[in-house]
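Residue numbers (the UniProt record's numbering): 1 to 698.
Where a beta carbon is used, it is the ideal one built from N, C-alpha and C, also for glycine.
Values in this document were obtained by computation on a predicted structure and should not be read as measured data.
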Ligand code: DMJ
């Protein structure tokens, strides 16, 4: 039954085989040795010499081979890292291990370089208190049938930090690389009807393939597969129904997120401090809430609006012993209440507007009729800042739209009279430079001071904006305003306009006692929109051309930064060939969530219908979500737009982020071009729409 003997036999046989093989080897070694002995001495030396030579060569070439092998494996790691970026993941770069920094501070890399916050394990994006906050998750990609992975492409900018999309665009001007053309989302829609949307900047699609620029013809050649192609792999994909990102909904979502923080940590106060989950007070009048009223109405956020309305009705009191800045409280509070009244027809807002308007009037009681900067709205007294009797020019000439409208609504001319008087005085005042105005004016003498400095940025900006907008508001019946505006734009062209060196960006610099300074505040980015509005109202066509050029420059101020967000101030390079076009000084690297570029994009889209302006705006919204959004609610201004790893949250959400920035995003993305038509409304400098008068001023 069982053959045990057979088992034993096999074992013996194996052992026998082994021993035989061993003996054979011994035999062979013995015969080799005999043959070696038979060789002559010369032959043996020659063979030994050759063997030694081979050994030395082998030893010498070992390091370079091993280097190559190591390099190959490093590249593989780097490429994995790049691919992770492109999938929206952001692992810690090889060789840099985040180490927890001091409490609340940024983590520090091995070389002492700040490497930023923790990474969200799911999104791979930076999160953590005080650092890059939560982001809106990218819509999940639909499951698509697997396609063969294309051969690895050569990555153009492998070692730069930041999202690859930014790297690509940033390098357009850095190195004069011709940009890969984007597929504008709306254009794709128009051209191809219901086709799935494609935009490699990720605005509208989710499919992996479309997040990369299409390969060049050369790359296509190289991509010929080395193995026979499986016909199944190349079969056309079944159409995937991809829901386009609803940009309007994303703006609403951003607003709700900002509002959540304000409601939870700063309700009824001026500004949210989102990182410390607290609030800041400026006037103590619920500035953010009032500034945001009409935005909520326009965005259709009814619940939020009703809650805020209730606060205004029951809690807001201007009977307070508090100093407020005339300009800021006019554009944000008076402007916000007036526009909300217009949109809703709710008289309560008009009553509040009258109340604050009247309380601001003491500012105009000065020897020169040029208003003081500060008013105590409880005591009814006004005064200049402690250190000077000057007022800022932009401030005294940018309260007119609101006070004029208050007169029209109340049929009380006193408001209009005081602000018109300021414009009359400035109109005939000597000291302008081809229509450009100095930045300060004295409240005693009524004369310009600090003459010789001319800018379209801080302290002068909205003077120019309000010249045009008052002319439009009043039904184009006040020629002095138009004259001053046209002269000023000629002055800008003559003295402040230049083209940067390498890639020829048109920008508006500053004049400092006849010396040109190639510096442009982000604030100047209101100008493309204002110029376009003028052209739309019949002003010279070259205003529109200038608007388009300046819009491009403002766009570049965003995309050339690693975070995709503009710095507060940009310096332009005038050298024709060398370096990058835009330089940012360390002190100017902050971003305060300002609206001016989005505002101009809105005007330019309305007047040109060019979808690229919407795409540019969308990129900015995405960057705000990526670098300024705080998980617990709210958005924060940041200190460094050049550092995507640690942008340096400043713990402040300015009221204009809700009053202006998000409102302009919404209007930019809205297809309803009659929503606040620019032929019926004029926006004050805080984005509060006021009606264009059908009848001449009272
Ligand atoms: C706003 O208060 C107004 O837009 C003003 O005209 C300039 N500064 C901020 C926004 O940047």
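Residue burial classification, residue i (beta-carbon count within 10 angstroms, cutoff 16)
i, result
"residue 203", "Note that residue 203 has pLDDT 24, beneath the 50 cutoff, so the model's placement of it is unreliable and no number is given."
"residue 510", "buried"
"residue 471", "buried"
"residue 573", "buried"
"residue 405", "buried"
"residue 682", "buried"
"residue 26", "For residue 26, the pLDDT reaches just 42, beneath the cut-off of 50, and the residue's location in the model is therefore unreliable, leaving the point undetermined."
"residue 314", "exposed"
"residue 663", "buried"
"residue 564", "buried"
"residue 77", "Model confidence at residue 77 stands at a pLDDT of 30, short of 50, so the residue's coordinates are unreliable; what they give is reported in the following sentence. Under this definition residue 77 is an exposed residue."
"residue 209", "With a pLDDT of 26 at residue 209, under the threshold of 50, the modelled position of this residue cannot be trusted, and the question is left open."
"residue 479", "exposed"
"residue 35", "exposed"
"residue 628", "buried"
"residue 367", "exposed"
"residue 444", "exposed"
"residue 45", "exposed"
"residue 334", "buried"
"residue 612", "buried"
"residue 173", "Legend: pLDDT at residue 173 = 29, less than 50; position of this residue unreliable, value from coordinates given subsequently. Classification of residue 173: buried, given that the 10 Å Cβ count is 16 or more."
"residue 481", "buried"
Own chain residues within Cβ distance below 7 Å of residue i, not counting five before or after
i, result
"residue 247", "618 and 669"
"residue 577", "501 and 502"
"residue 283", "270, 322, 324 and 329"
"residue 665", "251, 598, 617 and 621"
"residue 533", "468, 603 and 678"
"residue 332", "287, 290, 291, 655, 659 and 686"
"residue 519", "509, 510, 569 and 571"
"residue 459", "392, 393, 394 and 439"
Residues near residue i by beta carbon distance below 8 Å, same chain, minus five either side
i, result
"residue 711", "Missing from the structure shown is residue 711; the chain here goes from 1 to 698 and no further."
"residue 449", "390, 438, 440, 441 and 442"
"residue 374", "323, 324, 325, 326, 363, 382, 383, 384 and 385"
"residue 453", "438, 439, 510, 511, 512 and 513"
"residue 415", "357, 361, 403, 404, 406 and 407"
"residue 305", "293, 296 and 297"
"residue 584", "561, 567, 569, 570, 571, 641 and 642"
"residue 493", "546"
CB contact flag (residue i, residue j, <8 Å)
i, j, result
"residue 372", "residue 391", "yes"
"residue 353", "residue 337", "yes"
"residue 359", "residue 370", "no"
"residue 589", "residue 517", "no"
"residue 522", "residue 462", "no"
"residue 488", "residue 435", "yes"
"residue 301", "residue 340", "no"
"residue 638", "residue 473", "no"
"residue 762", "residue 275", "Here the chain comprises residues numbered 1 to 698, so residue 762 is not present and cannot be evaluated."
"residue 260", "residue 633", "yes"
"residue 700", "residue 505", "Lying outside 1 to 698, the shown extent of the chain, residue 700 is not represented and no answer is given."
"residue 600", "residue 561", "no"
"residue 524", "residue 456", "yes"
"residue 694", "residue 475", "yes"
"residue 483", "residue 530", "no"
"residue 401", "residue 684", "yes"
"residue 591", "residue 254", "no"
"residue 379", "residue 651", "no"
Start-to-end residues for the alpha helix (DSSP H) that takes in residue i
i, result
"residue 625", "611 to 627"
"residue 530", "527 to 536"
"residue 545", "541 to 559"
"residue 653", "Note, residue 653: premise wrong, no alpha helix (DSSP H); not H, not E."
"residue 498", "Run containing residue 498: none in the alpha helix (DSSP H); it sits in the beta strand (DSSP E), 497 to 499."
Range of the contiguous beta strand (DSSP E) that encloses residue i
i, result
"residue 279", "278 to 280"
"residue 294", "It is not in any beta strand (DSSP E) - residue 294 instead sits in the alpha helix (DSSP H) that spans 287 to 299."
"residue 571", "569 to 572"
"residue 440", "440 to 442"
"residue 510", "510 to 512"
"residue 664", "That residue, residue 664, is in no beta strand (DSSP E); its alpha helix (DSSP H) goes 662 to 669."
Close-in-space but distant-in-sequence residues of the same chain around residue i (CB under 6 Å, 5 per side omitted)
i, result
"residue 48", "none"
"residue 496", "508 and 509"
Item checked: Residue ranges of each alpha helix (DSSP H) within the segment 461 to 488, 4 or longer -> 461 to 473
(request) Entirely within the segment 303 to 363 and at least 4 residues each: give me those alpha helix (DSSP H) ranges in chain order. (result) 326 to 329, 335 to 344 and 347 to 360
task: List in chain order: all unbroken alpha helix (DSSP H) runs of 4+ residues lying wholly within the segment 387 to 419.
output: 393 to 396 and 400 to 410
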